[in-house]
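A.B. asks: So for the sequence shown, my numbering puts the first residue at 51; every next one is plus one.
Built from N, CA and C at the ideal position, the CB exists for glycine as well.
Here it is: the structure, laid out below.
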Amino acid sequence: MQKFDSQNTDISLYLTLFERQARATGIEEEEWVSQLISLLPLDLAQIVIKEPEEQMREHTNVKKVLLDRFKMKPETFRIKFTQHQRKQGALWKELVFELQNYFDSWIEGLNVKDFKGLK
């Protein structure tokens, strides 16, 4: 997997891709943080390293720290979901993946667990 490029890559899409790749290659979830840190630029890795050690071991905590760093809150994902458009030359399934990722992140950030909670 390529290193994260903060200038040209959406952090939420990158983290989703990382998680899928880690699962597909059979990497244990306990190892995800060390694998992810090796793919981050030094400035982002330093932000993660500054977290308390017990929190830094959990991928969900590291993901939250990175999303917070890029100000990716539920409202940000809602806006991305409602305003996102297919890039010229991109496949429609790429658009579907991106929209699904934004929607899932939006709902996850609101702690919606079922359809009733969505109302």
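#1: In chain order, what residues of the same chain lie with their CB nearer than 6 Å to the CB of A72, ignoring the 5 residues before and after it?
#2: My output table needs one value for T75: the three-state DSSP class, helix, strand or coil.
#3: Determine whether the beta carbon atoms of I87 and V115 lie at a separation below 8 Å.
#4: Is the beta carbon of I87 within less than 7 Å of some heavy atom of the ligand SAH?
#5: In the DSSP assignment, find the unbroken alpha helix (DSSP H) run with D164 in it and report its ends.
#6: Tell me the rounded alpha-carbon separation between H134 and A95.
C.D. replies: By the coordinates alone:
#1: The residue given as residue 72 occupies position 22 in the sequence shown. Cβ neighbours of A72 beyond the five flanking positions: W82.
#2: The residue labelled residue 75 in the question sits at position 25 within the sequence shown. Taken through DSSP and simplified to helix, strand or coil, T75 comes out as coil.
#3: Indexing the sequence shown from 1 puts residue 87 at position 37. Indexing the sequence shown from 1 puts residue 115 at position 65. Against a cut-off of 8 Å, the Cβ pair of V115 and I87 comes out as no contact.
#4: Among the ligands in the structure shown, none appear at all, so the ligand SAH cannot be discussed.
#5: Within the sequence shown, numbered from 1, the residue matching residue 164 stands at position 114. It is not in any alpha helix (DSSP H) - D164 carries neither H nor E in the DSSP assignment.
#6: Here residue 134 refers to the residue found at position 84 when the sequence shown is read from its first residue. Here residue 95 refers to the residue found at position 45 when the sequence shown is read from its first residue. H134 and A95: Cα-Cα distance of roughly 29 Å.
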